[in-house]
Each structure stands twice: as C-alpha cells, then as structure tokens.
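Note sheet for the following structure.
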Amino acid sequence: MNYNAGEYLRPCVESLLSQTLTNFECILVDNGSTDGSLATLPELDHRFTLIEAGENLGFAVANNQAAKHAKASWIALLNPDAFARADWLEKGLEARNRLPNTAMVGSTQYLALEPEKFDGLGDEYHAFGIAWRAGFGKPVIEVADRESFGPCGAGAFYDRDVFQLLDGFDESFFCYHEDVDLAFRMRLAGYRCVQSSEAIIDHVSSAISGRASDFAVYHGTRNRIWTFFKNMPGPLLFLLAIPHILSNLAFLAVSVFRKGRFQPTFRGMRHGFFTRPKTRPTKLTRQASLRDILGAMGWNPLKVVKRAPVKTERLVDKTVSGLRGNS
C-alpha cells in the first residue's frame, strides 16, 4: 500500500525485485498519492499489479483490497517505507514451521535511518489493553525465533484463508492498531504468531504519517480502546475494564506534559469510549481457552515501559502438518 511515500517507494519495490524467492505476486495499491511517487517506480514485470484507488482509503481498506486480489495461500505486507532483505519472503515462510496453528509471522525490523537500533520485534499486548512494539528503539542484539502476540503490519505474513475468514483488517480503524486488532481476533480463533529472527526488513518508521502527529496520536488512542472492548472475552472484560480505563487516563495525564499531545489524546479517548467501529468483521466462535489468551498477554507493566517481549523462549524448527503452498 502506497500513500505519498516519496523517495522510499522505489527502494521498497526494488527490494522485492531482488528476493531469493521469485515465485510471488505483488499487488500494489496506491491510495491517491499526489507526490509523484508512482512515477519513480522501476520497470515492473508480470508479477506486479498496480491498483490506483484514486483516494486515501487508509491502511486497512487498501490491504484488504490487495488480499482479495491475491491468489497465494499466504500473504505478506510490506510498508512503502520499508525495505526487505533479499531472503525476507523465503525466511518468513519458513518460520511457519516453528509453531502449530501458526497463521501469523512477524519480521525483525531495523530502523532504516538508525541501523544500530531495532524498529520492532513483534507486537505485544498487555492484559490492561495496551499494545507495544517490542524492541522499538533498542540497541541491536542477537535475537531468536519466538512467539509474539502478533506481527507488526509494516512487515507481516498471514495465512490468507484465515485472513479472509476474519474479513481482514477492521476498516473502521483506517490505520494504526489494526494489526493488533487482527492479531487479537486470530488469537481468539485459536491461531498463533511466530516472530521470525531471519525475516528482516529495514523500516523508516512513520515516515508518511509522522510518529507523534495529531493524526497518529488520535487514531492510535481511539483504536487502542476499540481493540480492547471489541475483542476481550466477557469474563476477562469484567475483570480488566477498570484497569484499562485507568491506563488510558494515565496516558491522558502524561499527554498534558507533552507538547501537542493532549487534544488528540482526549479526542481519541472520547471517540474510543463513546463510539464503536461501523464495520463488523466476522467474529468466529472462540476456540482459544481463556488460559491461552491470558498466556499470550503480558502482565508485568515493566515490559510495556521497557518494550520487552512477553515470551522469550527460543523456538525450534518443527514439521507442522496442514501448511499449504509457498507464496
């Protein structure tokens, strides 16, 4: 999905042209870019399809449209300000073998402009309804395959059948937190996520929307609240609703001391608590036990503050039945 990615779009697409796994299709949805970024594209071969939406549909809608056009059994998402290492597709698909019931694979993300730091090591979720990208901004260290709550959408792999069964991303989210919401729904349906150490991308990170812009703060706040209330199972919602509300009030209090943050945070909280998403993605009967769901979440608030992974156990290679296709 591209929206005014400027100088980053060409190297992003060139990184796909250089993949060691060559049997893939790429659907590029342009959300009405006005910066001339499409004109910078290299010559594309038969594997690439360009869809020009003519307007900014948002991350969720654009990627849902691309998934509907895809024919492969697994789909991979790559942000237009992200650059895949040559074996990214190959290693991402190999990681499906690490856990049973895997429907999600996350990439190891380096900050493209600060390569000595991580951009992310998978999305994690605290039981109080706070999501964080593990490892963001932390110095690069050796990492291994492990389980995470879900993948960061900047470089995520999904089982296409499961993605389509759940209607993909919730289109009311527009952008931000839609990957966490989808991971939560996949978790409820009994699926898991492998965070791959070898599927690597370099990500400029929020190059288009701005990391702390009003737009990003508002959508991140609203969608965080929506994710919690629309997905948390009833018994856990009863126990965790008050801590979730208090956590959001803490965010609001902190925003008072951060220039320009209070207004978008307040608006996001107001809309998050007092409105609901207009779209209703398919919600399957919960297959995961409450114990499984609780086990996938973090409980230690220090992990949120330190951006630490919830699970640190190294995954070993396993042969898992039921996997279909390669790309």
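The opening position of the sequence shown corresponds to residue 0 in numbering that gives the first Met the number 0, with each subsequent residue numbered one higher. Ideal Cβ placement from N, Cα and C applies to all residues, glycine included.
Under 8 Å by Cβ, that's how I've got residue i and residue j pegged, so tell me the actual separation to the nearest angstrom.
{"i": "A85", "j": "S17", "result": "5 Å"}
{"i": "D118", "j": "Y124", "result": "Incorrect: roughly 18 Å between the Cβ atoms, too far for contact."}
{"i": "P308", "j": "R145", "result": "7 Å"}
{"i": "M103", "j": "A61", "result": "Actually they do not touch by this definition, with Cβ atoms about 19 Å apart."}
{"i": "D180", "j": "D169", "result": "5 Å"}
{"i": "L120", "j": "T107", "result": "6 Å"}
Please state the DSSP three-state secondary structure of residue i.
{"i": "I140", "result": "coil"}
{"i": "V319", "result": "Annotation note: pLDDT 39 at V319 (below 50); position unreliable, coordinate value reported separately. Coil at V319, not helix or strand."}
{"i": "G131", "result": "The amino acid occupying residue 131 in the given sequence is Trp; Gly does not appear at that position. DSSP places W131 in strand when its eight states are reduced to three."}
{"i": "V104", "result": "strand"}
{"i": "T264", "result": "helix"}
{"i": "Y7", "result": "helix"}
{"i": "D86", "result": "coil"}
{"i": "A71", "result": "coil"}
{"i": "A65", "result": "helix"}
{"i": "K258", "result": "coil"}
{"i": "T48", "result": "strand"}
{"i": "Q163", "result": "helix"}
{"i": "K310", "result": "coil"}
{"i": "E54", "result": "coil"}
{"i": "K116", "result": "strand"}
{"i": "E42", "result": "coil"}
Measuring CA to CA, which of the options is closest to residue i?
{"i": "Y7", "options": "L314, R97, S246, D80", "result": "D80"}
{"i": "R223", "options": "S14, A182, R95", "result": "A182"}
{"i": "S72", "options": "G167, T284, R290, D160", "result": "D160"}
{"i": "A295", "options": "R97, R191, F156", "result": "R191"}
{"i": "P300", "options": "F156, S32, S106, G128", "result": "G128"}
{"i": "F265", "options": "F173, D213, K116", "result": "D213"}
{"i": "E54", "options": "L88, S32, A94", "result": "S32"}
{"i": "R97", "options": "G259, L239, V193, T278", "result": "V193"}
{"i": "A215", "options": "G259, A249, A188", "result": "G259"}
Report the partner residues of residue i according to the DSSP bridge assignment.
{"i": "E24", "result": "Paired residue(s): none; E24 is not in a bridge."}
{"i": "W225", "result": "Per DSSP, none; premise fails for W225."}
{"i": "N1", "result": "D29"}
{"i": "S147", "result": "C192"}
{"i": "L110", "result": "H202"}
{"i": "G297", "result": "H125"}
{"i": "F156", "result": "A75, V104"}
{"i": "A182", "result": "Looking at the DSSP assignment, A182 forms no beta bridge with any residue, so it has no partner."}
{"i": "A81", "result": "H202"}
Worksheet item: Are there three or more Cβ pairs, one per stretch, closer than 8 Å when the segment 225 to 244 is compared with the segment 262 to 278?
Response: yes
Discussion item. Does the segment 61 to 79 come into contact with the segment 124 to 134, if we say contact requires no fewer than three beta-carbon pairs (one atom in each stretch) closer than 8 Å?
Written reply: no
Discussion item. So, does the segment 28 to 40 touch the segment 83 to 97, judging by three or more C-beta pairs under 8 Å?
Written reply: No, the segment 28 to 40 is not in contact with the segment 83 to 97.
Discussion item. Would you call the segment 240 to 248 in contact with the segment 183 to 200, where contact means no fewer than 3 C-beta pairs closer than 8 Å?
Written reply: no
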